[in-house]
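Undergrad:
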Amino acid sequence: MATPKLQFVVNCLEPGLHVYRVTLHITDLPAGKHHLTLPVWTPGAYEIQDFARHLFQIDASLNETPLELAHTAKNVWEFDTYDTATVIVRYQVYAYELGVDTSHLDQTHAYWNGAQLFFLVDDYKDLPIEVVIEAPPEWHVSTGLERLEDHPYRFRAANYDLLIDSPVEVGTHRRLTFTVDNVPHEVAIWGHGNEDTTRLLNDIEAIVRTQRELFGGLPYAHYTFILHLSDRRGGGLEHLNSTTCSVHRFSFRPWKEYRRVLELIAHEFFHLWNVKRIHPEMLGPFDYNREVYTHLLWAMEGFTDYYAYLSLRRAGLFTLKDYCGGLAERMQRYEQLPGRFVQSLGESSFDTWIKLYKPDADSPNRTISYYLKGDLVGTCLDLEIRQRTENRASLDDVLRRLYDRYGQHGVGFPESVYQDTVEEVAQSSFEEFFQSYIWGTDPVPFDHYLAYAGLLLERRYKNPDGDENEAPPSWPWLGIATGNVKGQDLVVEHVYVNGPARDRINPGDRVLALNGFEIPSNDELGRRLRLDYHSGDTVEVTVVRRGELKTVTVVLEDAPPNDYRIVANPDAPPSARQLFETWLKASWDDAASLSAK
1 MATPKLQFVV NCLEPGLHVY RVTLHITDLP AGKHHLTLPV WTPGAYEIQD
51 FARHLFQIDA SLNETPLELA HTAKNVWEFD TYDTATVIVR YQVYAYELGV
101 DTSHLDQTHA YWNGAQLFFL VDDYKDLPIE VVIEAPPEWH VSTGLERLED
151 HPYRFRAANY DLLIDSPVEV GTHRRLTFTV DNVPHEVAIW GHGNEDTTRL
201 LNDIEAIVRT QRELFGGLPY AHYTFILHLS DRRGGGLEHL NSTTCSVHRF
251 SFRPWKEYRR VLELIAHEFF HLWNVKRIHP EMLGPFDYNR EVYTHLLWAM
301 EGFTDYYAYL SLRRAGLFTL KDYCGGLAER MQRYEQLPGR FVQSLGESSF
351 DTWIKLYKPD ADSPNRTISY YLKGDLVGTC LDLEIRQRTE NRASLDDVLR
401 RLYDRYGQHG VGFPESVYQD TVEEVAQSSF EEFFQSYIWG TDPVPFDHYL
451 AYAGLLLERR YKNPDGDENE APPSWPWLGI ATGNVKGQDL VVEHVYVNGP
501 ARDRINPGDR VLALNGFEIP SNDELGRRLR LDYHSGDTVE VTVVRRGELK
551 TVTVVLEDAP PNDYRIVANP DAPPSARQLF ETWLKASWDD AASLSAK
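The sequence shown begins at 1 in full-length UniProt numbering and counts up by one.
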């Protein structure tokens with residue numbers, strides 16, 4: 001029996017219509033009932049997106065004769081053949097959603113994720129697939145797919161998983177290149193802003209070189225960074241030998257903005273090891289037809305965040321103050337979320353399909369992000385391993401061991417293996433650590449772990465007058481988060497269960513006044529509270545609730561500290577100073593900069 005051959009032709013010759021015209025050629029298809037299945041999600045974006053909603057005008061022919069297609073499920077079409085045949089399927093896909101996990105087509109470019117465009121034919125996941133692109137003659141292509149015979153518009157995926165895992169950018173975008181270990185890397189930039197491409201290219205190369213040192217090499221023949229510069233921030237999405245990152249066009253200056261760009265790129269690049277190769281069994285090969293559940297996203301995403309920040313420090317792109325300042329900010333965010341006492345990291349990972357990407361007004365009170373807490377737990381786990389082994393081992397060794405045993409062989413591991421590997425590296429039990437901070441909701445004692453590296457965590461309040469040398473003892477607090485809707489109405493977004501307004505003010509209330517005086521903005525509300533009131537004061541808050549004017553009384557309480565800083569402990573023992581130096585690749589003498597204003 002002949003093996004079927006698969007080819008997709010993607011036509012983007014009328015980009016102003018925002019519609020891809022796709023033709024699927026299937027040759028040597030055996031007789032029988034066949035299925036065309038479009039994915040409902042894309043790996044790395046844990047959200048059911050039902051891509052078939054964008055598909056329309058689908059028809060098919062068999063040996064040039066019209067073939068009946070039956071639409072049997074939201075993302076499945078069926079047809080029958082009675083002999084070995086050539087089947088051609090034509091369909092159109094609307095693509096005008098600019099995101100890293102969606103597809104976009106306009107007059108300037110074509111960008112797609114394979115999950116939105118390409119059918120899985122029956123169960124032929126292991127067959128090679130050819131992709132032919134029909135585009136305006138001045139457009140060029142950037143992708144992780146293998147180019148066929150140096151043809152500008154013909155590509156090949158070794159299997160369906162690689163096809164889905166290889167986004168494609170087509171247009172007049174800029175293409176920058178560099179090599180590491182004789183491996184070519186391309187940076188494809190769509191859009192313009194305030195970027196310094198020379199600096200950006202050098203910084204990306206530094207990230208690649210630093211992260212490769214952890215694993216001892218690069219596991220690909222070529223790598224493509226796709227950068228979208230627009231008026232929105234869209235995050236990033238990892239792939240086996242490429243990534244797409246969406247950033248605001250003017251986020252390359254000042255440094256506090258540009259550092260976020262580098263953090264995003266470092267995160268997505270580190271994923272090529274951690275999640276694309278090092279992953280639990282259920283995260284590859286994928287079931288594209290339904291949710292895929294794991295309790296380990298804190299390690300896949302949170303630890304990737306940790307190593308993104310750490311690699312920027314190791315590469316010299318972050319100063320000590322950059323790194324420790326960012327770590328302190330994240331510790332502050334974590335300690336201000338009541339949800340840390342409600343949802344564990346394991347639960348947060350498992351529930352990502354219904355909670356992380358679908359937040360509501362009460363989410364801060366009952367959920368915790370596996371990105372945020374996972375990063376912080378990864379920090380503490382690394383420090384604990386270093387402390388127990390007298391700085392002879394670290395979380396680096398855990399990742400290397402998982403990569404050597406599983407990642408390099410293209411297989412996933414049972415979830416229990418993660419803790420087992422930590423204990424193997426540290427040669428001691430981590431049962432209490434995992435039960436407390438990963439499977440449980442015990443508060444993470446940052447002070448305890450930072451002390452291993454000779455560091456202290458200061459929790460203070462910002463001085464409303466701007467004098468950093470004279471911090472106030474506390475700030476008064478209503479216990480609500482507000483935002484200006486459409487730049488006008490001040491609306492309550494969250495009411496914290498540990499705040500004084502927890503049973504007085506509701507999400508969605510429109511705030512009008514404080515003690516009879518108008519409050520036009522979030523900044524004005526905070527300023528009035530800080531300067532004119534104290535904890536224990538009773539205030540009247542006037543709101544509009546579902547069209548009805550209401551005035552409620554609230555007794556102010558102390559707000560959580562809002563100025564966290566990590567500083568060096570001048571009394572740190574030599575062992576802590578040595579751990580600090582190996583962890584952050586800096587001398588202890590440089591730690592004094594952490595205390596500088």
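No residue lacks a Cβ here, since even glycine has one placed at the ideal position from N, Cα and C.
Can you tell me which of T86, Q387, A453, L62 puts its alpha carbon nearest to the alpha carbon of D28?
TA: Translated into the one-based positions of the sequence shown, residue 28 becomes position 28. Distances from the CA of D28 to each of T86, Q387, A453, L62 were compared; the closest alpha carbon is that of T86.
Undergrad: In three-state DSSP terms, what is A45?
TA: Numbered from its first residue, the sequence shown carries residue 45 at position 45. It is a strand residue.
Undergrad: Please report the residue range of the alpha helix (DSSP H) in which K585 lies.
TA: Taking the sequence shown and counting its residues from 1, one reaches residue 585 at position 585. Element bounds for K585: n/a, residue is neither H nor E.
Undergrad: Name the DSSP beta bridge partners of G235, please?
TA: Start at 1 with the first residue of the sequence shown, and residue 235 comes out as number 235. Its beta-bridge partners are S246.
Undergrad: For R90, which of V10, H173, V22 has the nearest alpha-carbon?
TA: For the purposes of this step, residue 90 is taken as the residue at position 90 of the sequence shown. If we check each option's Cα against that of R90, V22 comes out closest.
Undergrad: On the criterion of 16 or more Cβ atoms from any shown chain inside 10 Å, does V444 qualify as buried, or is it exposed?
TA: Taking the sequence shown and counting its residues from 1, the one referred to as residue 444 is at position 444. It counts as buried.
Undergrad: If we call anything under 9 Å between Cβ atoms a contact, is P359 one with N498?
TA: One-based indexing of the sequence shown puts residue 359 at position 359. One-based indexing of the sequence shown puts residue 498 at position 498. Contact flag unset, no.
Undergrad: Report the rounded CA-to-CA distance for L455 versus D382, giving the unit in angstroms.
TA: Within the sequence shown, numbered from 1, the residue matching residue 455 stands at position 455. Within the sequence shown, numbered from 1, the residue matching residue 382 stands at position 382. D382 has its alpha-carbon roughly 15 Å from the corresponding atom of L455.
Undergrad: Note down the Cα distance separating R199 from R53, rounded to an integer number of angstroms.
TA: Residue numbering aside, residue 199 sits at position 199 when the sequence shown is read from its first letter. Residue numbering aside, residue 53 sits at position 53 when the sequence shown is read from its first letter. R199 and R53: Cα-Cα distance of roughly 41 Å.
Undergrad: What number of angstroms, rounded off, separates the C-alpha of L61 from the C-alpha of P167?
TA: In the sequence shown, the residue the question calls residue 61 occupies position 61. In the sequence shown, the residue the question calls residue 167 occupies position 167. The residue asked about is misnamed: residue 61 is Ser in this sequence, not Leu. For S61 and P167, the distance between alpha carbons rounds to 28 Å.
Undergrad: Within the continuous beta strand (DSSP E) that includes G483, where are the two ends?
TA: On the sequence shown, position 483 is the one that residue 483 refers to. Here the beta strand (DSSP E) through G483 covers 480–485.
Undergrad: Could you say if the stretch 502–509 and the stretch 534–545 meet the contact criterion of at least three C-beta pairs nearer than 8 Å?
TA: Touching, yes, given that three or more Cβ pairs across the two stretches are closer than 8 Å.
Undergrad: Within 10 Å of its beta-carbon, does T72 have 16 or more other beta-carbons around it, so buried, or fewer, so exposed?
TA: The residue labelled residue 72 in the question sits at position 72 within the sequence shown. The residue in question, T72, is exposed, as its Cβ has fewer than 16 Cβ neighbours within 10 Å.
Undergrad: How far does the alpha helix (DSSP H) with S349 in it extend, from its first residue to its last?
TA: Numbered from 1 along the sequence shown, position 349 holds the residue referred to as residue 349. Residues 345–350.
Undergrad: In or out: L13 buried (at least 16 other Cβ within 10 Å) or exposed?
TA: Taking the sequence shown and counting its residues from 1, one reaches residue 13 at position 13. Exposed.
Undergrad: In whole angstroms, give me the CA-to-CA distance for V131 and R232.
TA: The residue you call residue 131 lines up with position 131 of the sequence shown. The residue you call residue 232 lines up with position 232 of the sequence shown. V131 and R232: Cα-Cα distance of roughly 30 Å.
Undergrad: Nearest to Y309 by CA position, among H267, P573, I278, is which residue?
TA: Here residue 309 is taken as the residue at index 309 of the sequence shown, counted from 1. If we check each option's Cα against that of Y309, H267 comes out closest.
Undergrad: Roughly how many angstroms lie between the CA atoms of H109 and I438, to the nearest whole one?
TA: The count along the sequence shown starts at 1 and reaches residue 109 at position 109. The count along the sequence shown starts at 1 and reaches residue 438 at position 438. About 43 Å.
Undergrad: Using only the alpha-carbon positions, how far apart do residue 599 and S348 sit?
TA: Because the chain in this structure spans residues 1 to 597, residue 599 falls outside the shown range and cannot be described.
Undergrad: Can you find at least 3 beta carbon pairs, one from the stretch 228–243 and one from the stretch 253–273, that sit closer than 8 Å?
TA: yes
Undergrad: Should A332 and T441 be called a contact, given that it needs their Cβ atoms to be closer than 9 Å?
TA: The sequence position of residue 332 within the sequence shown is 332, counting from 1. The sequence position of residue 441 within the sequence shown is 441, counting from 1. A small fix is needed here, since residue 332 is Gln in this sequence, not Ala. Not a contact, by the Cβ cut-off of 9 Å.
Undergrad: Just checking my contact of A299 with G374 at CB under 8 Å: how many whole Å lie between their CB atoms?
TA: Mapped onto the sequence shown, residue 299 falls at position 299. Mapped onto the sequence shown, residue 374 falls at position 374. Between G374 and A299 the Cβ distance is about 7 Å, and since that is below 8 Å, they are a contact.
Undergrad: What residue from L36, I480, T224, S593 has the CA that sits closest to Y288's CA?
TA: Taking the sequence shown and counting its residues from 1, one reaches residue 288 at position 288. It is L36.
Undergrad: Look at V292 and M282 and say whether their C-beta atoms are less than 9 Å apart.
TA: Counted from its first residue, the sequence shown places residue 292 at position 292. Counted from its first residue, the sequence shown places residue 282 at position 282. Contact: yes.
Undergrad: Would you kindly check if the distance between the Cβ of L38 and the Cβ of L55 is under 9 Å?
TA: Taking the first residue of the sequence shown as 1, we reach residue 55 at position 55. Taking the first residue of the sequence shown as 1, we reach residue 38 at position 38. Against a cut-off of 9 Å, the Cβ pair of L38 and L55 comes out as a contact.
Undergrad: Need the endpoints of the beta strand (DSSP E) that I207 sits in, please.
TA: Here residue 207 refers to the residue found at position 207 of the sequence shown. Careful: I207 lies outside any beta strand (DSSP E), inside the alpha helix (DSSP H) at 197–215.
Undergrad: Give a yes or no on whether the C-beta atoms belonging to G284 and L227 are separated by under 9 Å.
TA: Within the sequence shown, the letter at position 284 stands for residue 284. Within the sequence shown, the letter at position 227 stands for residue 227. For G284 and L227, no; Cβs fall outside 9 Å.
Undergrad: Can you list, in chain order, the residues of its chain with a C-beta nearer than 6 Å to that of N569? Leave out the 5 residues immediately preceding and following it.
TA: Taking the sequence shown and counting its residues from 1, one reaches residue 569 at position 569. If we look at N569 and ignore the five residues flanking it on each side, its Cβ neighbours are G454, L456.
Undergrad: I want to know whether the stretch 385–394 touches the stretch 402–411 - three or more CB-CB distances under 8 Å.
TA: no
Undergrad: Measuring alpha carbon to alpha carbon, tell me which residue in K462, P280, F155 is nearest G410.
TA: Residue 410 sits at position 410 when you count from the first residue of the sequence shown. Its Cα nearest to that of G410, the residue P280 stands out among K462, P280, F155.
Undergrad: With L55 as the anchor, note down where its beta strand (DSSP E) starts and where it stops.
TA: Sequence index remark: in the sequence shown, residue 55 carries index 55 (1-based). Run containing L55: 55–62, per the beta strand (DSSP E) assignment.
Undergrad: Return yes when the Cβ of T84 is within less than 9 Å of the Cβ of V2, no when it is not.
TA: Residue mapping note: residue 2 aligns to position 2 of the sequence shown, counting from 1. Residue mapping note: residue 84 aligns to position 84 of the sequence shown, counting from 1. Residue identity differs from the one stated: residue 2 is Ala in this sequence, not Val. The criterion of a C-beta distance shorter than 9 Å is satisfied by A2 and T84.
Undergrad: Do the stretch 577–595 and the stretch 310–322 meet, that is, are 3 or more Cβ pairs less than 8 Å apart?
TA: Touching, per the Cβ criterion.
Undergrad: Helix or strand or just coil, what does DSSP make of S595?
TA: Within the sequence shown, numbered from 1, the residue matching residue 595 stands at position 595. The answer is helix: DSSP assigns S595 an H, G or I state.
Undergrad: Suppose you measure from the CA of T243 to the CA of T224; what does that come to, to the nearest Å?
TA: Looking up residue 243 in the sequence shown gives position 243. Looking up residue 224 in the sequence shown gives position 224. Their Cα atoms are separated by approximately 7 Å.
Undergrad: Beta carbon of V9, beta carbon of H25: below 9 Å?
TA: Residue mapping note: residue 9 aligns to position 9 of the sequence shown, counting from 1. Residue mapping note: residue 25 aligns to position 25 of the sequence shown, counting from 1. Yes, the pair counts as a contact, with Cβ atoms nearer than the cut-off.
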